[in-house]
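Numbering (our numbering), first residue to last: 396 to 1179.
All remarks here apply to the structure that follows.
Shown next as structure tokens:
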């Protein structure tokens, strides 16, 4: 490892422009003649549009046009799609209701667009939107799973009788039934995984431009995967042929999964730009983000776990109802199925598992991937079950986990996944030592004397990252391959450009990807630039989500680097009159082993482009590309322990300590990894203690602002204690596993397990607000 290579805590290159206010986000971009869009949105969760009168709005000064949902349908712009086909247990296809970019007849959630005003300024467009008169016939709404599945519930989509998307199963039901028949102990648990709003720092935005002369569109958008956006917009939405559409995702201020998808606003902006023959910009405000950004989680589950007399797990049975909201989003079908149920084995050797997942439409914002995407839901269910079992058996929760850990690898779970490597015992032991588990009893007694209640909670998580190989996910219904691409360009003076299909929206690619190149060539990261996010500059790539940037994106760079190095060694050997096998790369030079003969990288690059003295038959230039498709998922794992203190008078919870021990394989930049874990922990703790999207009985989102939706703040969080164990991933050339989602996956269960331990009452749903905690303590006292 060099001072800037793999394993070094290098300061982020991209921070210079961000902390000096020189980042370039979509809303910073201004084009000549640019108009602004503002959407007219439904105030009802379920209603029929009787009529839309746009005449008054069109007559206002500065208004360019007012366009409606019926017009976009008439122009044959396609409906939004779900890109992962999931089938019910009877073999029938999932029931996908039609989702037009703007509703022509029926609205199905509050905030759904019905018209758009295009005006000379955003303020003029917003004012004119208030002059659009929409006559609605309000219809009965179903704001939650229970209401949607009621026998007399109103139907949201004619394609989905009973409001059911699918009834999907995974695992061997007969084997599970047999395990329960033999069980000495059975633990049952009902739980809710609360709905969350992503709340990325930068709201979504789109700027569309249409060049009439070339019949060409350009879209600047807040996307995590611009190439996929271009593919879907052209192939399915009938916006433009793919070669006539350029998609650019410049600096993006966070995504957490919510910017993977193609939203109606991008479609409308492109369509409107052609209609009015002017660039059209839309920038969402925070209220629109609450109402229209894809929400996360929202599961209701019943779980049962069978144990033998020695407390070894025999089987697991899970039934989950997943709220999809009003429509199916791009990857929504996969989140509660292949990204959730496949992780229900956790870190444990469970011989038999059966999961049933029922997807349900409701009159709420569509639900899709949010940081962790199915993995946090699986971890929370499993770790709450394990903690409940330990309490039911009156055994140490750490030892119950240890007894059931997987210890032999590779390990085939009953739910598709093959874990390639890991050391779960080492992570748990490190966490127990860091938290001083042996001293907890004394700390609990001290809190008791001070009138407080202290508790400790565990969470041993595992996740599947990389989401590949493409052949495997294709067989499970994925509509695209999940490989990644890279191109390495060595310029004539020796500087290097890396073109990656991955996209950075907070992951530090400009630093960490450059570290890989620096490490292999022995050069400074200042000589390396990372280019991404522009479909006209970068070869087709799959973007960033699912903690795939290092395991898949960086592995593609590694493969392209191998090709560049091989050619460069041939050139160096030819120039130095040596054998290619004797050439080594050190400190930016190609050296002949055992001699003082060397040639610097810039001279090798110059020789490649002047082409005056190349080996016979070699093409000029020094540029190579690679497409990398992993052979397996990667499996980051870890042990989290949370220690809390609860005030019995108020129900207020304070996190006293939080220890996180993770196994991410090889760390490219430990400082960046630490930042990723901190962010994930904050979101996991936020879900456990603070965050919850709440709808009333009419389908109104009553937590639609930061006045009502509680985000974690600095004083809600402890100083995290992080450490690592390491088992290198064997399924990619770097040995990396991924770190971006781990904190959000493991934290929530640790916190709730700690709070319920403190109050001595196991029934407590997230978020564990002071009110909920206080009432739970009163119930315990009443029961006693």
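The beta-carbon is built from N, C-alpha and C at its ideal position, and this holds for glycine as well.
With distances taken between CB atoms, is the gap from residue i to residue j smaller than 9 Å?
i            : j            : result
residue 1038 : residue 849  : yes
residue 495  : residue 472  : yes
residue 903  : residue 1021 : no
residue 1068 : residue 1062 : yes
residue 866  : residue 1040 : no
residue 782  : residue 542  : no
residue 558  : residue 688  : no
residue 463  : residue 447  : yes
residue 766  : residue 863  : no
residue 1242 : residue 459  : In this structure the chain extends from 396 to 1179, so residue 1242 is not present and cannot be described.
residue 612  : residue 635  : yes
residue 1126 : residue 1028 : yes
residue 690  : residue 761  : yes
residue 936  : residue 622  : yes
residue 817  : residue 1122 : yes
residue 509  : residue 497  : yes
residue 939  : residue 633  : no
Skipping 5 residues on each side, what residues in its chain have a beta carbon closer than 6 Å to that of residue i?
i            : result
residue 1087 : 589, 1162
residue 771  : 1139, 1140
residue 871  : 733
residue 1151 : 1157, 1159
residue 924  : 892
residue 627  : 657
residue 457  : 514, 515, 519
So, for residue i: in the same chain, excluding its five sequence neighbours on each side, which residues have a beta-carbon less than 8 Å away from its beta-carbon?
i           : result
residue 568 : 749
residue 784 : 580, 582, 700, 702, 706, 795
residue 396 : Only weak support exists for where residue 396 lies, its pLDDT of 44 falling under 50; the value from the coordinates is given anyway. So the list reads 402, 403, 914, once near-sequence residues are dropped.
residue 407 : 903, 905, 906, 1067
Using only alpha-carbon positions, find the residue among the options that is nearest to residue i.
i            : options              : result
residue 1129 : 523, 1107, 907       : 907
residue 952  : 983, 911, 991, 937   : 911
residue 454  : 480, 523, 792        : 523
residue 400  : 1131, 987, 547, 915  : 915
residue 778  : 891, 800, 418        : 800
residue 1047 : 943, 1172, 1142      : 1172
residue 810  : 767, 859, 798        : 859
residue 692  : 653, 821, 492, 769   : 769
residue 547  : 821, 854, 535        : 535
residue 861  : 1136, 479, 1152, 409 : 1136
residue 412  : 1032, 905, 721       : 905
residue 1146 : 844, 1078, 1098      : 1078
residue 658  : 616, 646, 651        : 616
residue 986  : 917, 852, 1035, 710  : 917
residue 808  : 836, 946, 857        : 857
residue 934  : 979, 983, 888, 882   : 882
residue 540  : 826, 587, 1112       : 587
residue 443  : 1179, 992, 894, 551  : 551
Can you look up residue i in the DSSP assignment and give me helix, strand or coil?
i            : result
residue 716  : strand
residue 1049 : strand
residue 585  : strand
residue 396  : Residue placement at residue 396 cannot be trusted, given a pLDDT of 44 that sits under 50; the coordinates are not used to answer.
residue 774  : helix
residue 494  : coil
residue 677  : strand
residue 480  : coil
residue 489  : coil
residue 640  : strand
residue 852  : strand
Excluding five sequence neighbours on each side, which residues of the same chain lie with their C-beta closer than 7 Å to the C-beta of residue i?
i           : result
residue 484 : 562, 563, 564
residue 797 : 820, 823
residue 479 : 726, 728, 729, 872, 873, 874
request  = Would you check if the stretch 983-1003 and the stretch 951-969 touch, i.e. whether three or more CB-CB distances between them fall below 8 Å?
outcome  = yes
ask   = Taking three-plus beta-carbon pairs below 8 Å as touching, is the stretch 511-529 in contact with the stretch 433-447?
value = yes
inquiry  = Count Cβ pairs between the stretch 472-481 and the stretch 654-671 that sit closer than 8 Å; are there 3 or more?
reply    = yes
message = Quick test of the definition: if touching needs 3 or more C-beta pairs under 8 Å, does the stretch 602-614 touch the stretch 672-685?
response = Yes: at least three Cβ pairs fall under 8 Å.
message = Check whether the stretch 753-760 and the stretch 1083-1098 touch, using three or more Cβ-Cβ pairs below 8 Å as the test.
response = As far as the Cβ criterion goes, the stretch 753-760 touches the stretch 1083-1098, which means the pair count is three or higher.
inquiry  = Can you confirm whether the stretch 954-964 touches the stretch 1015-1031 when touching is taken to mean that 3 or more C-beta pairs between the two stretches lie within less than 8 Å?
reply    = yes
query = Would you say the stretch 711-723 touches the stretch 734-741, given that touching needs at least three Cβ pairs under 8 Å?
reply = yes
request  = Decide yes or no for the touch test of the stretch 424-433 against the stretch 928-945: beta carbon pairs closer than 8 Å, at least 3 of them.
outcome  = no
message = I want to know whether the stretch 609-623 touches the stretch 642-651 - three or more CB-CB distances under 8 Å.
response = yes
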